[in-house]
Amino acid sequence: MTPAVFLDRDGTLIDDPDYLDHLDQIAIYPWTADALRLLRRAGFALVVITNQSGVGRGLYTEAFVGEVHARLDAELARGGASIDGWFHCPHHQASNDPRYRLACECRKPKPGLVHRAAAALDLDLSRSVVVGDRWSDIGLARAVGAAAILVETGAGVRQARRPVDGLRADAVLPSLAEAASWILRERR
Numbered sequence: 056m057t058p059a060v061f062l063d064r065d066g067t068l069i070d071d072p073d074y075l076d077h078l079d080q081i082a083i084y085p086w087t088a089d090a091l092r093l094l095r096r097a098g099f100a101l102v103v104i105t106n107q108s109g110v111g112r113g114l115y116t117e118a119f120v121g122e123v124h125a126r127l128d129a130e131l132a133r134g135g136a137s138i139d140g141w142f143h144c145p146h147h148q149a150s151n152d153p154r155y156r157l158a159c160e161c162r163k164p165k166p167g168l169v170h171r172a173a174a175a176l177d178l179d180l181s182r183s184v185v186v187g188d189r190w191s192d193i194g195l196a197r198a199v200g201a202a203a204i205l206v207e208t209g210a211g212v213r214q215a216r217r218p219v220d221g222l223r224a225d226a227v228l229p230s231l232a233e234a235a236s237w238i239l240r241e242r243r
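With the first letter of the sequence shown counted as 1, position 89 gets the number 144 in the working numbering; the numbers rise by one all the way through.
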C-alpha cells in the first residue's frame with residue numbers, strides 16, 4: 056500500500072476565485088508543480104479531494120469540473136508533475152436538483168472521497184497526509200487518521216486566525232512548497 060498526499064484544489068494547488076466557473080480563471084500557484092514532483096519522487100501518491108458545491112448550486116456542471124481537472128492535468132504535465140486521482144463532491148443540501156440535494160458522506164470533512172480514493176488506488180491512510188487551506192481539510196485528515204497541514208494560501212490565513220475547537224493541524228505553513236518540505240522531513 057502506498058502513502059498519499061491528499062490535496063485540496065482551490066486555495067492549495069491553484070488560486071481560489073471563490074467559484075471557479077471559467078477555465079480562464081485557473082491560476083496554478085508557481086510552486087505547485089515543483090512541490091508535486093518532490094512528493095512523487097519521495098514515493099507518495101498524489102490525490103486531489105475537492106468540495107465542488109457549485110455543481111449542486113447550479114453554478115457549473117460536473118462536466119465542467121472534469122474540464123478543469125483535464126486542464127490542470129495538462130498544465131501540471133508541462134511542469135513535469137501529475138495527479139493520480141481527482142475526486143470531487145458535487146453536493147449541496149440546498150440544491151434545487153434532487154441528484155445533488157443530500158447530506159452526503161463525500162463532502163469534506165467527511166471521509167467518503169478519501170475512502171473511495173484509498174480503495175481505488177490501494178493507499179495507506181495511516182502514512183498519508185492531507186494538505187488544504189480550510190479547517191474542513193484538517194477535519195478530513197482527522198477523520199481518516201492522516202497527518203494534517205493547513206496552508207496559508209487561499210483561505211488559509213483567515214482560517215488559521217479562527218481555529219475550530221477540537222481541531223489542530225500538525226503544521227500551519229505558508230504554502231504547498233513548505234508543506235512538501237515538511238512532509239519529506241516528517242513523514243518519510
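Where a beta carbon is used, it is the ideal one built from N, C-alpha and C, also for glycine.
Checking the sheet assignment: what are the DSSP bridge partners for residue i?
i: tryptophan 141; result: Val103
i: valine 219; result: Answer by DSSP bridge pairing: none, since valine 219 is not bridged.
Which residue marks the beginning of the alpha helix (DSSP H) containing residue i, and which one marks its end?
i: threonine 67; result: First-last for threonine 67: undefined, no H or E at that position.
i: leucine 35; result: Here the chain has residues from 56 to 243 only, and residue 35 is not among them.
i: threonine 87; result: 87 to 96
i: glycine 121; result: 117 to 133
i: arginine 240; result: 231 to 241
Since residue i contacts residue j with CB under 8 Å, what's their CB separation in whole angstroms?
i: proline 164; j: leucine 205; result: Between leucine 205 and proline 164 the Cβ distance is about 13 Å, and since that is not below 8 Å, they are no contact.
i: valine 227; j: alanine 210; result: With 8 Å as the limit, valine 227 and alanine 210 do not qualify as a contact, their Cβ atoms being about 13 Å apart.
i: aspartate 179; j: methionine 56; result: 4 Å
i: valine 103; j: tryptophan 141; result: 5 Å
i: aspartate 225; j: alanine 198; result: The Cβ separation is near 15 Å, so there is no contact.
i: aspartate 70; j: alanine 82; result: 4 Å
i: leucine 68; j: threonine 87; result: 5 Å
i: leucine 176; j: alanine 100; result: 6 Å
What does the Cβ neighbour count give for residue i, buried or exposed, with the cut at 16 atoms within 10 Å?
i: asparagine 106; result: buried
i: glycine 111; result: buried
i: serine 230; result: buried
i: leucine 127; result: buried
i: arginine 189; result: buried
i: histidine 77; result: exposed
i: threonine 116; result: exposed
i: valine 169; result: buried
i: aspartate 73; result: exposed
i: glycine 113; result: exposed
i: glycine 187; result: buried
i: arginine 21; result: With the chain covering only 56 through 243, there is no way to say anything about residue 21.
DSSP three-state label for residue i, please.
i: leucine 205; result: strand
i: serine 150; result: coil
i: alanine 82; result: coil
i: alanine 210; result: coil
i: aspartate 192; result: helix
i: histidine 77; result: coil
i: glycine 109; result: helix
i: alanine 175; result: helix
i: arginine 197; result: helix
i: leucine 114; result: coil
i: leucine 168; result: helix
Could you check where the beta strand (DSSP E) with residue i kicks off and where it finishes?
i: glycine 187; result: 178 to 187
i: threonine 62; result: The residue asked about is misnamed: residue 62 is leucine in this sequence, not threonine. First-last of the beta strand (DSSP E) with leucine 62: 57 to 62.
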